[in-house]
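The next block holds one structure in the form of structure tokens; read it before the comments.
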Amino acid sequence: MPTVILGNAAPVEARKLDDNSTAVEKVPVKGLKDSRTTFNFPKGTPPGEMLATVTGVFESHHSNRPASWVESDSAALAELLADHYGCAVGRPKEKS
Amino acid sequence: MLVNSGRDLWAAAMGGQVITTYTGTNSTAATATTFTTDGVNIPANSVAGQVVVRGAVYGVILSNTSAANSVLTIDKWYTVTDPGGAAAATPAVGVWAILPGAQPAFWMAITATATAPALSDTVLTGEIATAGGGLVRAITAWAHTAGTNTYTLSKTYTANGSDTLPVTIAQMGVFNAANNGRLTFRTLVSPTATLSASGDNVAITDTITGS
């Protein structure tokens, strides 16, 4: 099951404009920053679909900023996403 | 919209439904859609929505009878490593268990029907189920941002030569099984999307808020 995790420096919650519709607005989450967003895909999802879903849904439903880092069990997908966002592969080390 | 049957699934998944659940060793051969518990009596339909595991495959329980040998009706047998793939082979007899909680709702279906959702809905009217088509019910991608009260379910549908086109996708439903199963969410797609030719696609994302 391919997994992608993105560093999310500006997390939001997508709130439906109408309970009966998929349309949403993004609302920042008070007190939450430097979060992470995880995507899990079913086996067999084409790489192009995974790339389009991560970039599209992250930006439309999960964050107000580009990803700050990326991890994935697919090295190729991680490289593509890092290139897209201009960020590093691998999460930053914890500050002591 | 979280419909009534979805509310029941949510309660079972979060709260456990049957907490001290069932296990045994069956001797009656299972079929592609039934499983006999052999000596374990389960109140009628009390484990619907839960998962029966036999070896490395599982089934989503759609209903169950109450008898000395309760019969579970499932939609199919799933391979744990590829639930979206072909049905698993019917398992041989042996040790089985029904897990607490409920099977997650991660199957999305679409329809051209634009009728407004209602709490009492249990099916997605006009669900596209064309054999071999690219617009049939499928497992979604799940995403969640740590610390937030929402998650998303996303799927890109690509029409192929088997689909009847053009079609305007107006609504989606989320279920807990590949076939039949419990309708959990039914939502109008905004904006609608018209697929006119093989290769046309539509990406749909539904947002679920916890409270």
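Taken in order, these protein sequences are the chains called R and B. Position 69 of the first sequence, counted from 1, bears residue number 1235 in the numbering used here, the numbering being contiguous throughout. Position 181 of the second sequence, counted from 1, bears residue number 230 in the numbering used here, the numbering being contiguous throughout. Using N, Cα and C, we set each Cβ at its ideal position, and we do this for glycine too.
- Secondary structure note for Y107 (chain B): its beta strand (DSSP E) is the uninterrupted segment V106 to N113.
- When CB distances to chain R are screened at a threshold of 8 Å, the residues of the stretch 190-221 of chain B falling below it are A190, W191, A192, H193, T194, A195, G196, T197, N198, T199, T201, S203, T205 and M221, in chain order.
- For I123 (chain B), same chain residues with a beta-carbon under 8 Å away, outside a window of 5 residues either side, are T82, T83, F84, V101, G108, V109, I110 and L111 in chain order.
- Contact between T258 (chain B) and T199 (chain B) holds: their C-beta atoms lie close to 5 Å from each other, under 8 Å.
- About 19 Å separates the beta carbons of A187 (chain B) and T217 (chain B), which is beyond the 8 Å limit, so they are not a contact pair.
- Per DSSP, the unbroken alpha helix (DSSP H) holding R56 (chain B) starts and ends at N53 to G64.
- Rounded to the nearest angstrom, the gap between the Cα atoms of A1176 (chain R) and R1231 (chain R) is 6 Å.
- With fewer than three CB-CB distances shorter than 8 Å, the stretch 128-136 of chain B does not count as touching the stretch 59-73 of chain B.
- Straight-line spacing of the CA atoms in S1234 (chain R) and R1181 (chain R) works out to 23 Å.
- In the three-state reduction of the DSSP assignment, L168 (chain B) falls in the coil class.
- Across the structure, D170 (chain B) and G73 (chain B) are spaced so that their CA atoms are roughly 35 Å apart.
- When DSSP states are grouped into helix, strand and coil, L173 (chain B) belongs to the coil group.
- A direct Cα-to-Cα measurement between V238 (chain B) and S245 (chain B) gives close to 17 Å.
- DSSP lists B:Y206 as the bridge partner or partners of V251 (chain B).
- For D124 (chain B), no alpha helix (DSSP H) run applies; the uninterrupted beta strand (DSSP E) run containing it begins and ends at V120 to T128, by DSSP.
- Pairing T162 (chain B) with G182 (chain B) gives a Cβ-Cβ distance that is not under 7 Å.
- The contact set of I177 (chain B) on chain R, defined by CB atoms closer than 9 Å, is empty, because the minimum CB distance reaches about 17 Å.
- Exposure of M1167 (chain R) is indicated by the presence of fewer than 16 other C-beta atoms within 10 angstroms of its C-beta.
- Beta-bridge partners assigned by DSSP to Y200 (chain B): B:I257.
- Along the stretch 235-248 of chain B, the positions whose C-beta sits under 7 Å from a C-beta of chain R are T236, L237, V238 and S239, read in chain order.
- Comparing alpha-carbon positions, the option among B:L168, B:T164 and B:K204 lying closest to V1223 (chain R) turns out to be B:K204.
- Leaving aside the five residues that flank V129 (chain B) on each side, the residues in its chain whose CB is nearer than 8 Å to its CB run, in chain order, A105, V106 and Y107.
- Considering only B:A141, B:G222 and B:G143, the residue with the shortest C-alpha distance to W156 (chain B) is B:G222.
- Contiguous beta strand (DSSP E) elements confined to the stretch 1203-1254 of chain R occur at 1235-1238, taking only those with 3 or more residues.
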